[in-house]
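Peer 1: Got a structure here, written out as structure tokens. Questions coming.
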Ligand SMILES: NC(=O)c1ccc[n+]([C@@H]2O[C@H](COP(=O)([O-])OP(=O)(O)OC[C@H]3O[C@@H](n4cnc5c(N)ncnc54)[C@H](OP(=O)(O)O)[C@@H]3O)[C@@H](O)[C@H]2O)c1
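Residue numbers (our numbering): 108 to 391.
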């Protein structure tokens with residue numbers, strides 16, 4: 108791929124991760140702009156790019172990545188002097204591409220490029236980019252350009268159909284912050300029965316890693332373990348009694364997730380219909 112004529116607009120966490128990753132590949136963005144000159148300068152210096160104003164960034168680049176907060180995307184797109192044929196792409200998972208309508212009205216090609224990773228630590232984010240996926244919503248010829256950018260970054264491109272962003276982004280939470288909610292639930296229960304909160308996370312993380320690693324090699328059904336996967340109705344009953352006794356939503360949360368495991372248990376082929384029905388009756 109020839110060197111990118113790329114601008115990063117919004118020098119925050121995602122821009123820093125993308126900038127560092129591209130710099131490491133020897134293809135740094137040409138320019139960086141941001142709301143504050145300071146943020147633009149800091150990032151530009153780190154990645155051997157030029158810092159400039161938003162207008163200069165738009166003039167200098169063929170492909171502009173808007174790495175601003177979601178709420179600023181529409182406003183930034185409306186204010187800048189786009190030219191026909193130039194590409195403008197936001198990096199949000201939830202915001203529709205329509206937010207770039209003002210740029211499209213000026214003849215720009217518009218799309219979205221959403222890396223499926225967490226960039227709260229930009230240095231780590233730059234490294235984690237390799238092997239992560241990116242969902243791309245764009246038509247040709249922009250689609251080809253963004254697939255090329257993904258390949259340079261080591262991201263696996265995933266083509267997202269139009270109009271699906273809210274459901275897609277909502278569901279992605281299950282592999283991200285909802286994992287934290289699960290760990291939080293486990294820690295709350297452990298604490299309620301007397302285990303020290305400070306040690307709980309360290310004890311649970313290796314278990315979580317082992318489960319994810321099994322999912323990577325064996326798939327979801329193949330990785331399933333625990334009482335539901337064995338059809339162990341007596342253990343499930345004791346779990347429910349103990350969790351219901353703690354009050355709150357502990358029992359209902361466990362029931363909901365366990366019911367969702369029944370289909371995986373069926374897919375794993377380890378339980379017959381009778382065992383599945385016995386568990387379903389307990390969990391309903
Ligand atoms: N962080 C993640 O894990 C992640 C993952 C995937 C996708 N995304 C998406 O990436 C985008 C950026 O997120 P982020 O986490 O990188 O945000 P962030 O760290 O808050 O950075 C946003 C940057 O945009 C700049 N900015 C704000 N308003 C602006 C405006 N009107 N004009 C120009 N620059 C402006 C900020 O400015 P100053 O510093 O100059 O004040 C800041 O540097 C969002 O759409 C988000 O959904 C984020």
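Glycine residues also receive a C-beta, built at the ideal position from the N, C-alpha and C atoms.
1) Kindly give me the distance between the Cβ atoms of residue 374 and residue 328, rounded to whole angstroms, as I take these residues to be in contact under 8 Å.
2) Whole-angstrom Cβ separation of residue 118 and residue 147, contact assumed at under 8 Å?
3) Taking the C-alpha atoms as reference points, what is the distance between residue 304 and residue 287?
4) I want to check one thing, is the minimum distance from the CB of residue 177 to the heavy atoms of ligand 1 below 7 Å?
5) State the DSSP-derived secondary structure class of residue 382, mapped to helix, strand or coil.
6) CB residue 230 to CB residue 206, shorter than 8 Å?
7) Relative to the C-alpha of residue 353, which residue among 298, 336, 379 is closest?
8) Less than 6 Å between C-beta atoms, sequence neighbours within five positions excluded: which residues of the same chain meet that for residue 127?
9) For residue 214, which residues in the same chain have their Cβ closer than 6 Å to its Cβ, ignoring the five residues on either side in sequence?
10) Using the Cβ count rule (16 or more neighbours within 10 Å means buried), how would you classify residue 242?
11) Which first and last residues belong to the beta strand (DSSP E) in which residue 220 is found?
12) Residues in the same chain with beta-carbon distance under 7 Å from residue 187, minus the five sequence neighbours each way, listed in chain order, please.
13) Rounded to the nearest angstrom, how far is the Cβ of residue 170 from that of residue 113, given a contact under 8 Å?
14) Exposed or buried, residue 341, counting other C-beta atoms within 10 Å across all chains shown (16 or more means buried)?
Peer 2: On the basis of the supplied data:
1) Confirmed, about 4 Å.
2) The C-beta distance from residue 118 to residue 147 rounds to 5 Å, short enough to fall under 8 Å.
3) Using only the alpha carbons, I get a separation of about 15 Å.
4) Distance from the C-beta of residue 177 to the nearest heavy atom of ligand 1 is below 7 Å.
5) Of the three classes helix, strand and coil, the one that applies to residue 382 here is helix, per DSSP.
6) Not a contact, by the Cβ cut-off of 8 Å.
7) Checking every option, the nearest Cα to that of residue 353 belongs to 298.
8) Closer than 6 Å at the Cβ level, and outside the excluded window around residue 127, lie 233.
9) Here the set comprises 191.
10) Buried, because 16 or more other Cβ atoms sit within 10 Å of the Cβ of residue 242.
11) Per DSSP, residue 220 is one residue of the beta strand (DSSP E) stretching across 216-222.
12) Scanning its chain for C-beta atoms nearer than 7 Å, with the 5 sequence neighbours on each side dropped, one finds around residue 187 the residues 161, 162, 165, in chain order.
13) Right, their Cβ atoms sit about 5 Å apart.
14) So residue 341 counts as exposed.
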